[in-house]
Amino acid sequence: DSDLSVTGVDFLKSQNSVQHHTDAYNISSPVVRRGQPFLLQLNLSRELRPTDTLALHFSIGERPMEPTGTLMSLNPRSRRDISGWQINIVKSNGTECLLSVTSAPSAAVGIYGLSVKTGSNVYRPEKNTVYLLFNPWCEDDIVFLSNEAERNEYVLNDTGYIYVGSAYNIFGRPWNYGQFEELILDTCMYLLDKSGLKMSSRRDPVIVSRAMSALVNANDDNGVVLGNWSGNYESGTSPMAWIGSVAILQQYYRTKKPVAYGQCWVFSGVLTTVMRCLGIPARSVSNFNSAHDTDENLRVDIYLNDKGEKLKWLNSDSIWNFHVWNDVWMKRRDLPSGFDGWQALDSTPQEHSQGIFQCGPCSVKGIRDGDVYLPYDSKFVYAEVNADKVYWRVTQENGRNKYTRLGVESQSVGTNISTKAVGQNRREDITWEYKFPEGSSEERESMQRAISFLQPSGLTPRARFAAVPTAEILSGAGNMIQNEVVPKSGVELKITNEKPLYPGDPIEVIIIVKSTTAGSWTVDLTGSCQLQSYTGKVSANLGNVKQTVKVEGNSEVHVPLKIMPDAYMKALAAVDDEEHVHITAIAEIQGTSEKLTKEASLSFEYPPIQVQMPETAKVNKDFACSFIFKNKLNVPMDNCKLMVEGLGIFKMTTFEEGNIQPGRIIKSEVICTPTRVGEKKIVARLTSNQVKDISVEKAITIT
């Protein structure tokens, strides 16, 4: 009559992983979600008797203890509640005992160790770790998401798009999130450990997501991605070149050093991967005309010279063509009721929050309603989607700067807020989730509410330029909430390009001065053309036009602005950033004090990459995939690199293509061996000195 001992533990991985939606993780250990039962089979030295003692010990952290909820001692025959965990015997048959274990829906997320105690014997399986994740399928988990299609998109989809470009020309950049790939889950667990969060804080997705927003950037804590907006990326990988998060996170895990380099879409893509990997529903969100309001006064000042060109030295606030952050889904039990659901989270290092570069989570509903007092960082996010643009002209008078206010634009910031649609490869506009319709009564109420929590500084150039005494400002101090001035003359400005912009061709833009009412007006028009990065940083002044035009009645005058290739191609190739053509127009109506301003940001267009491969393939059977590109531009493309990746098909591969002359065709081929069934995507990205980002993706069904 021997002592009972355990001879083996089977985690029944394939059975549990399907039930827990974790079967895609490329890892040998079992991965389960909290608040949901999983099965374990014990192999025993003899059959289990009513008098035997049996306990399973699940432990997490360096010093597991029952009072801190980091050691759960589960006895299937005792009804005692252990921190909300439960265990019961499903069936006991001879020397096999099948157990069902349910972790608490608020259990700490991380790697648990298992040991089994029978009498005085303790058995530790050789592979005794279990990964426990957040559970959007569990109603009692605060990340619960009720809609199945949304769970499939925001938790399980490992590919997607990040929307970039400008409000005039939005395009989806394919991004491989790859949350199930090799080493990604271990990287997330490493980040959780690195965060230094107490185990009790690891229960809470609000605290975990905030910590991850800090750790995805390298600032303060040697986190994952090193930001660089200098235009020079020789000592690392250009932010434009990445296809997805996998190579970045794998490199970080292997070296434990920040990966160079990232910009906002890279930070957002990596944070989406980390959140989905941990089980928190997440999406990358792009805000077009995004205000970077450095002093939270809901105003971005734009300073122009008399040619209408932005002055680099004076613009400390900026309007980014787009900025990408994240939404994560969770209940906010730390806030008054009504702020559950999507929370904005941003890992791009922009401003300190509580001493380090982190931002959010901040309730999207709170942003819409103007509740900017709510944690975390809602004033900053509110300004990104709601700030007013104030234009100033800076001229010299008696050796001093004179500031003239040209106008206020209250409806251009925070437009076309975009994310990938659920279950479809298209853009969804979610601006309505962040703000009420422009000009509606709800929008005005929200703005009034937000302003009651801010210290607006009136419409004067910012105080930090102490050399500017207020007396010098000859026009413009006034009320904070300014509705956009509808000009009395009925003169309007519009900027358009007649044909697509291709690098190596002339840039041809038309500024339209239009009159919509009776009367005759003489208009002094100034137009400028600059090359700038998506963050509004000017890299070259390309040219300008000054003209006086007459409009009367319902008529319009077209003023062309043409820039020849020689004037911009050198500047375009000199920086590694993707540049936009930025047009600023100022109209001053003679005989009145009326001034109008208009800006437009135009993107270059590029020839496509073609992908040739079968529409379907069999798992573990090779097939060939070819990438073909013809340089249809009038200029050579120097130092070309083609990066390709197919999750579950082949690892990221880089082809050095050298210089591609106009008219030349290149062809590269990858032999693919699919390892997972389902619809998979192959993504390719081509970069060069002249053209920074040509992307393509193609789907294939693996059976």
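With the working numbering applied, the sequence shown covers 1180 to 1882.
No residue lacks a Cβ here, since even glycine has one placed at the ideal position from N, Cα and C.
Item, Value
"Please classify E1731: is it buried, with 16 or more other beta-carbons within 10 angstroms of its beta-carbon, or exposed?", "exposed"
"To the nearest angstrom, how far is the alpha carbon of L1477 from that of F1518?", "22 Å"
"Assess contact between the segment 1709-1718 and the segment 1374-1388, defined as three or more Cβ pairs (one per stretch) separated by less than 8 Å. Is contact present?", "no"
"Where do the ends of the beta strand (DSSP E) carrying F1217 lie?", "1216-1223"
"CB I1690 to CB G1706, shorter than 8 Å?", "yes"
"V1395: which of F1829, Y1431, L1740, W1571 sits nearest, CA to CA?", "Y1431"
"Grab the span of the alpha helix (DSSP H) containing Y1561 for me, first residue to last.", "1557-1565"
"In the DSSP assignment, find the alpha helix (DSSP H) that holds P1744 and state where it starts and stops.", "1744-1753"
"Given a threshold of 16 other Cβ atoms within 10 Å of its Cβ, counted over all protein chains shown, does H1737 qualify as buried or as exposed?", "exposed"
"CA-CA distance, Q1537 and D1400?", "11 Å"
"Under 8 Å, do V1760 and N1355 count as touching if we go by C-beta distance?", "no"
"What is the DSSP secondary structure of R1303, reduced to helix, strand or coil?", "coil"
"Measuring CA to CA, which of T1598, P1616, R1330 is closest to F1467?", "T1598"
"With DSSP as the reference, identify every bridge partner of G1520, one or two as the case may be.", "M1509"
"Looking at E1677 and M1419, is the spacing between their C-beta atoms short of 8 Å?", "no"
"Quick check on W1508: buried or exposed, where buried means 16 or more other Cβ atoms within 10 Å of its Cβ?", "buried"
"What does the Cβ neighbour count give for R1330, buried or exposed, with the cut at 16 atoms within 10 Å?", "buried"
"Classify N1348 as helix, strand or coil using the three-state DSSP reduction.", "strand"
"Answer yes or no: do I1850 and C1819 have a C-beta to C-beta separation smaller than 8 Å?", "no"
"Against chain B, with Cβ distances strictly below 8 Å, would Y1747 count as a contact?", "Of the protein chains in the structure, only one exists, and it is not chain B."
"For a minimum of 4 consecutive residues, which ranges assigned as the alpha helix (DSSP H) are wholly contained in the segment 1536-1618?", "1543-1548, 1557-1565, 1610-1613"
"Between N1799 and T1832, is the Cβ-Cβ spacing less than 8 Å?", "no"
"Quick one: grab the DSSP three-state call for Q1806.", "The question names Gln, yet the displayed sequence has Phe at residue 1806. F1806 falls in the strand class under three-state DSSP."
"Hey, could you find the ends of the alpha helix (DSSP H) Q1198 is sitting in?", "1192-1198"
"Closest by CA to A1283, which one among E1824, Q1215, R1623, L1672?", "Q1215"
"Using DSSP bridges, identify the partner residues of E1824.", "V1862"
"Let me check understanding here. Comparing Cα to Cα, which of K1830, V1870, M1822 lies closest to P1841?", "V1870"
"Consult DSSP for K1846 and reduce its assignment to one of helix, strand or coil.", "strand"
"For A1752, tell me which candidate among N1595, G1683, G1520 has the shortest Cα-Cα distance.", "G1683"
"Can you tell me which of I1807, S1262, V1343, R1256 puts its alpha carbon nearest to the alpha carbon of L1250?", "S1262"
"What are the uninterrupted segments assigned as beta strand (DSSP E) that are 3 or more residues long and contained completely in the segment 1665-1750, given in chain order?", "1670-1676, 1686-1694, 1699-1711, 1717-1731, 1734-1742"
"If you count every other CB in all the chains shown that lies within 10 Å of the CB of V1814, and 16 or more means buried, which is it?", "buried"
"Any idea what DSSP makes of I1427, helix, strand or coil?", "helix"
"Taking E1588 as the reference, which of F1802, Y1582, N1565, S1699 has the closest Cα?", "N1565"
"Could you pull out every residue in the same chain whose Cβ sits closer than 6 Å to the Cβ of E1836, ignoring the five residues on either side in sequence?", "C1819, L1821, I1845"
"To the nearest angstrom, how far is the alpha carbon of L1221 from that of L1277?", "6 Å"
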